[in-house]
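FYI, the numbering for the sequence shown is 3 to 208, going by our numbering.
Note sheet for the following structure.
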Amino acid sequence: MSRSLHDQTLALAGIFQAAALVREIAHTGYCNEAAMETCIRSLFATDPETTLDVYGGELSDIRDGLQVLSTVFAQKARPQDAEVLRYVLNLIHLESKLKRKGDVMDVLGNRIEQARHTASHFGYTHSNLLSNLASVYSDTISTLGPRIQVSGNPNMLQREDNQHKVRALLLAGIRSAVLWRQSGGHRWQLIFKRKKVILHARELLR
Numbered sequence: 003m004s005r006s007l008h009d010q011t012l013a014l015a016g017i018f019q020a021a022a023l024v025r026e027i028a029h030t031g032y033c034n035e036a037a038m039e040t041c042i043r044s045l046f047a048t049d050p051e052t053t054l055d056v057y058g059g060e061l062s063d064i065r066d067g068l069q070v071l072s073t074v075f076a077q078k079a080r081p082q083d084a085e086v087l088r089y090v091l092n093l094i095h096l097e098s099k100l101k102r103k104g105d106v107m108d109v110l111g112n113r114i115e116q117a118r119h120t121a122s123h124f125g126y127t128h129s130n131l132l133s134n135l136a137s138v139y140s141d142t143i144s145t146l147g148p149r150i151q152v153s154g155n156p157n158m159l160q161r162e163d164n165q166h167k168v169r170a171l172l173l174a175g176i177r178s179a180v181l182w183r184q185s186g187g188h189r190w191q192l193i194f195k196r197k198k199v200i201l202h203a204r205e206l207l208r
């Protein structure tokens, strides 16, 4: 098993975890807080020794993402799977635009660094931090276009706290997409390496 496939699978699981949480919040207003904390915390892991360290260093932290990856990526039958996959592909597409915009990347890096104090003071799932990260997403990623259209329950999507969570999680999804590319991930692999990625995700879950 090559390290690159291992690292790519973990980073892809990070994107899937963020995307699945976005779907959950958009439809129900709730999500797994621990899984959300893992995603948000990854934004501040700027000097990790391993890919897994970005997500807290334990496979259990990224377990939800591996689970979603191993099922959603393997089938196209269920509407909720198609929704999550759409978010994942949109995030990967936006990250490919971001890497060509050095000025936007600089602003993004600076703004996340400024938010580090809020994270250390309040914690990774506090409303102050989520609001802060949501504004970072709006001011940077949203300018790259086209914007990710989030589907769900209008009552849930109209709530400001849910909007903040969704945008903060989409930002975390971009972080994982950057990591995926840095570990050798390419969009063509989503077609040609799909089976290998799914098998490795299932091995990690075991």
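The C-beta atom is built at its ideal place from N, Cα and C for all residues, glycine as well.
Judged by DSSP in its simplified three-state form, H188 adopts coil rather than helix or strand. Inclusion of V106 and T145 in the CB contact set at 8 Å is warranted, their separation being smaller than that value.
If you compare the alpha carbons of L71, Q10 and E26 with that of R204, the shortest gap goes to L71. Runs of the alpha helix (DSSP H) spanning 4 or more residues and lying entirely within the stretch 66-134 occur at 81-100 and 104-124, in chain order.
Rounded to whole angstroms, T48 and A37 show a C-alpha spacing of 19 Å.
If you compare the alpha carbons of G59, T52 and D83 with that of A22, the shortest gap goes to D83.
Burial is judged here by how many other beta carbons sit within 10 angstroms of a residue's own beta carbon; G67 has at least 16 and is buried. Between the C-alpha atoms of N155 and Y32 there is a straight-line separation of about 12 Å.
If only uninterrupted alpha helix (DSSP H) runs of at least 4 residues are considered, those enclosed by the stretch 140-192 are 156-159 and 162-184. In the same chain as A28, and ignoring 5 residues on each side of it, the C-beta atoms closer than 8 Å to its own belong to V152, S153, G154, N155, M158, L159, N164 and V168, in chain order.
Contact check for D9 and S185: beta-carbon distance about 4 Å, within the 8 Å limit, so the pair qualifies. About 12 Å separates the beta carbons of I143 and L171, which is beyond the 8 Å limit, so they are not a contact pair. C33 sits in coil when the DSSP states are folded into three classes, being neither helix nor strand. Comparing alpha carbon positions, the residue from E85, A15, R161 and S140 closest to L110 is S140.
Between E97 and the set L201, G147, H202 and C41, the nearest pair of CA atoms involves G147. By the neighbour-count definition (other C-beta atoms within 10 Å, threshold 16), E60 is an exposed residue.
By the neighbour-count criterion, in which a residue is buried when 16 or more other Cβ atoms sit within 10 angstroms of its Cβ, Q19 is buried.
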